[in-house]
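Written out below as structure tokens is the structure these notes cover.
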Amino acid sequence: MEHRLDHRDGPRDECGVFGIYAPEHDVARLTYFALYALQHRGQESAGIATAHRGANIIAIRDQGLVSQVFDDNTLRSLVGDLAIGHVRYSTTGSSEWENAQPIVRDDRRTLALAHNGNLINAVELHAELRGADVPFRSTSDSEIIAALLATHPAQRIDEAVADVLPRLRGAFSTVVMTEEAVVAFRDPHGLRPLAIGVIEGLGGGEDSYCVASESCAFDLIGAHYLRDVEPGEVVTLSAAGLRSRRVATDQRRAFCVFEYIYFARPDSRMAGTVLQVARARMGEILWREAPVDADVVIPVPDSGNAAARGLARAAGLPQDDGFIKNRYVTRTFIQPGQELRRQGLRLKFNPLREVVAGQRLVVVDDSIVRGNTTRQIVQMLREAGAAEVHLRISAPPIKHPCHYGIDMSTREEMIAHGRSVEEVAAEIGADSLHYLSLAGVYEAVGAAREHHCDACFSGEYPLSGTEDAAGKYALELPLVRA
Ligand code: SF4
Numbered sequence: 015m016e017h018r019l020d021h022r023d024g025p026r027d028e029c030g031v032f033g034i035y036a037p038e039h040d041v042a043r044l045t046y047f048a049l050y051a052l053q054h055r056g057q058e059s060a061g062i063a064t065a066h067r068g069a070n071i072i073a074i075r076d077q078g079l080v081s082q083v084f085d086d087n088t089l090r091s092l093v094g095d096l097a098i099g100h101v102r103y104s105t106t107g108s109s110e111w112e113n114a115q116p117i118v119r120d121d122r123r124t125l126a127l128a129h130n131g132n133l134i135n136a137v138e139l140h141a142e143l144r145g146a147d148v149p150f151r152s153t154s155d156s157e158i159i160a161a162l163l164a165t166h167p168a169q170r171i172d173e174a175v176a177d178v179l180p181r182l183r184g185a186f187s188t189v190v191m192t193e194e195a196v197v198a199f200r201d202p203h204g205l206r207p208l209a210i211g212v213i214e215g216l217g218g219g220e221d222s223y224c225v226a227s228e229s230c231a232f233d234l235i236g237a238h239y240l241r242d243v244e245p246g247e248v249v250t251l252s253a254a255g256l257r258s259r260r261v262a263t264d265q266r267r268a269f270c271v272f273e274y275i276y277f278a279r280p281d282s283r284m285a286g287t288v289l290q291v292a293r294a295r296m297g298e299i300l301w302r303e304a305p306v307d308a309d310v311v312i313p314v315p316d317s318g319n320a321a322a323r324g325l326a327r328a329a330g331l332p333q334d335d336g337f338i339k340n341r342y343v344t345r346t347f348i349q350p351g352q353e354l355r356r357q358g359l360r361l362k363f364n365p366l367r368e369v370v371a372g373q374r375l376v377v378v379d380d381s382i383v384r385g386n387t388t389r390q391i392v393q394m395l396r397e398a399g400a401a402e403v404h405l406r407i408s409a410p411p412i413k414h415p416c417h418y419g420i421d422m423s424t425r426e427e428m429i430a431h432g433r434s435v436e437e438v439a440a441e442i443g444a445d446s447l448h449y450l451s452l453a454g455v456y457e458a459v460g461a462a463r464e465h466h467c468d469a470c471f472s473g474e475y476p477l478s479g480t481e482d483a484a485g486k487y488a489l490e491l492p493l494v495r496a
């Protein structure tokens with residue numbers, strides 16, 4: 015019997031998208047490797063859709079990791095000049111097969127679509143489409159975008175996108191593909207990331223273009239980061255090369271600050287900075303904000319690694335591995351039974367008594383949501399003989415739910431909700447606790463707060479109408495099989 019275990023109680027990644035137009039290349043294989051690089055953004059399902067110019071769209075998608083869903087044979091069957099791909103961690107909609115992406119729709123036009131984000135007006139749009147007898151196969155808000163585009167009367171897909179985009183509210187970094195073109199578009203606030211890459215032409219031939227949630231996907235397939243897709247921009251990759259139009263320009267920018275802290279891979283580049291460097295700076299600032307008498311700095315692997323390095327450097331303290339992490343524990347595993355379950359986290363982290371015993375520790379991690387994992391970590395260190403445990407967290411306290419595509423706990427489950435920092439420290443059994451200030455996060459990244467969303471820390475939601483209790487916008491659409 016399989017059970018799902020979240021080894022972190024932190025916020026969970028949502029989705030990764032990729033799209034490419036490259037007739038001279040094996041687009042399915044390039045998409046496969048790009049999805050491999052984006053695997054951290056979603057482990058529930060993976061999918062690739064391809065097409066030859068003017069020919070049918072072929073799609074393969076299933077639950078599981080990229081390496082489980084695809085093999086050499088399936089990749090060989092995905093022929094074409096253009097492709098899109100998706101890795102998913104479900105946010106809106108359940109994690110059934112029907113919700114795996116890319117979604118393929120065959121209405122007025124045939125298209126495949128992959129989406130990262132969360133629509134906050136999904137209920138209204140779904141009711142409108144159902145009123146027009148548009149059938150749905152999935153419970154995901156992504157299919158609402160796909161249905162709006164597939165039923166749109168415009169001649170070209172980019173024209174349909176330009177018309178539909180202003181009607182969507184919420185977070186959407188999306189790639190959509192017809193038999194002719196890949197179109198990438200991003201919500202006017204730019205909540206979730208989306209970048210453009212270029213593959214230089216073979217033997218002096220034409221350059222090819224691709225888009226991805228994070229620039230780390232480009233590194234793996236030999237592409238170079240060109241620039242981000244701008245908020246409200248529609249980018250078309252086709253035989254005409256790369257074309258762009260801005261559909262919505264007057265909205266407040268609100269890029270998710272949590273991408274810098276936690277979601278994105280450390281080798282991705284955002285806001286002009288490689289995140290590994292920004293996260294080390296977060297550690298330096300953490301130390302500046304809250305120094306403490308201590309002997310050694312240890313990260314919670316791997317989420318605290320970069321910040322711990324920065325903190326240790328700033329503190330002039332040695333850094334060591336206080337935990338050994340089992341890298342082969344995946345999200346889905348065989349139920350260990352009552353006795354072993356009590357040991358919970360030891361499946362993933364084992365403290366090194368030789369490093370921690372008798373030591374005053376500074377323990378660095380990137381976030382605390384419910385606090386269960388952190389409490390166990392502190393307890394394990396004490397059992398291993400730690401003299402003192404001082405927690406330093408490279409994010410501010412999380413007190414509010416996210417309505418823009420990140421799966422967090424409810425407000426009531428968040429340990430920092432309604433508690434002071436001292437009360438949280440007492441709850442988790444730490445000798446001291448300090449969270450990085452919001453100003454410290456922005457200083458580390460070198461970015462201006464007014465262009466970001468930090469609602470889960472500050473409660474200041476950048477889109478009006480999303481301040482209410484968690485779950486208000488959660489969709490429970492009836493499952494309709496066409
Ligand atoms: S609420 Fe938090 S996780 Fe959600 S988009 Fe804003 S900063 Fe990101």
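Residue 83 in my numbering sits at position 69 of the sequence shown, and the numbers go up by one each step. Cβ coordinates follow ideal geometry from the N, Cα and C atoms, glycine included.
Residues of its chain near residue i, where Cβ-Cβ distance is below 6 Å and the 5 sequence neighbours each way are ignored
| i | result |
| --- | --- |
| Val197 | Ile171, Asp172, Val175, Val190 and Thr250 |
| Ala500 | As displayed, the chain neither begins before 15 nor continues past 496, which places residue 500 out of reach and without an answer. |
| Ala458 | Ala292, Arg295, Met296 and Ile299 |
| Cys230 | Ala51, Arg279, Asp281 and Ser282 |
| Phe232 | Gly211 and Tyr239 |
| Arg463 | Tyr456 |
Coil, strand or helix - residue i by DSSP
| i | result |
| --- | --- |
| Met191 | strand |
| Ser227 | coil |
| Met422 | coil |
| Gly318 | coil |
| Met428 | coil |
| Val369 | helix |
| Thr346 | Unreliable positioning characterises Thr346 in this predicted model, as indicated by a pLDDT of 47, which lies under 50. A coordinate reading is not provided. |
| Gly255 | strand |
| Ala308 | coil |
| Leu133 | strand |
| Phe363 | strand |
| Leu234 | helix |
| Arg302 | helix |
| Thr64 | strand |
| His465 | helix |
| His210 | A small fix is needed here, since residue 210 is Ile in this sequence, not His. Strand, per DSSP. |
| Gln265 | coil |
| Ser478 | coil |
| Glu247 | strand |
Opening and closing residue of the beta strand (DSSP E) in which residue i lies
| i | result |
| --- | --- |
| Gln77 | Ile71 to Gln77 |
| Val118 | Ile117 to Asp120 |
| Ile34 | Cys29 to Tyr35 |
| Asp379 | Arg374 to Asp379 |
Residues near residue i in its chain [Cβ-Cβ closer than 8 Å; skip 5 each side]
| i | result |
| --- | --- |
| Gln115 | Cys29, Ser59, Gly61, Arg75, His100, Arg102, Leu127, Ala128, His129, Ser154 and Ser156 |
| Glu193 | Ala65, His66, Arg67, Gly68, Ala69, Asn70, Ile71 and Thr124 |
| Glu142 | none |
| Glu38 | Gly215, Leu216, Gly219, Glu220 and Ser222 |
Residues near residue i in its chain [Cβ-Cβ closer than 7 Å; skip 5 each side]
| i | result |
| --- | --- |
| Ser451 | Glu303 and Pro410 |
| Arg260 | Glu244, Gly246 and Glu247 |
| Ala461 | Ala285 |
| Val80 | Tyr46, Leu49, Tyr50, Gln53, Ala60 and Val101 |
| Asn132 | Thr105, Thr106, Asp155, Gly184, Ala185, His417, Tyr418 and Gly419 |
Pairwise C-alpha distance: residue j and residue i
| i | j | result |
| --- | --- | --- |
| Ile34 | Ala371 | 52 Å |
| Gln82 | Tyr50 | 11 Å |
| Cys416 | Leu205 | 11 Å |
| Phe337 | Ala160 | 45 Å |
| Arg283 | Cys224 | 16 Å |
| Thr165 | Arg151 | 15 Å |
| Asn113 | Phe363 | 32 Å |
| Ala185 | Val369 | 44 Å |
| Gly94 | Ala136 | 32 Å |
| Met394 | Pro365 | 7 Å |
| Asp314 | Ala262 | Before going further, note that residue 314 is Val rather than Asp in the sequence given. In a straight line, the C-alpha of Val314 is about 41 Å away from that of Ala262. |
| His203 | Leu139 | 19 Å |
| Asn87 | Val178 | 37 Å |
| Ile429 | Asp421 | 16 Å |
Proximity test, residue i beta-carbon vs the ligand ATP heavy atom, cut-off 6 Å
| i | result |
| --- | --- |
| Asn319 | Inclusion of the ligand ATP in the displayed structure is not the case, the ligand content consisting of the ligand SF4 alone. |
The alpha helix (DSSP H) enclosing residue i, as first and last residue numbers
| i | result |
| --- | --- |
| Tyr456 | Leu452 to Val459 |
| Leu44 | Val41 to Ala51 |
| Phe471 | Ala469 to Ser472 |
| His54 | Here His54 belongs to no alpha helix (DSSP H), and DSSP marks it neither H nor E. |
| Val392 | Asn386 to Glu397 |
| Val83 | Val80 to Val83 |
| Arg90 | Asp86 to Ser91 |
| Ser156 | Asp155 to Ala164 |
Any C-beta of chain B under 7 Å from that of residue i
| i | result |
| --- | --- |
| Val83 | No chain B is present in this structure, which holds just one protein chain. |
Touching or not, the stretch 415-431 and the stretch 316-334, by the rule of three or more beta carbon pairs under 8 Å? Two segments are said to touch when three or more pairs of C-beta atoms, one from each, lie closer than 8 Å; by this definition the stretch 415-431 does not touch the stretch 316-334.
For the stretch 428-440 and the stretch 372-381, state whether three or more C-beta atom pairs, one from each stretch, are separated by less than 8 Å. No: fewer than three Cβ pairs fall under 8 Å.
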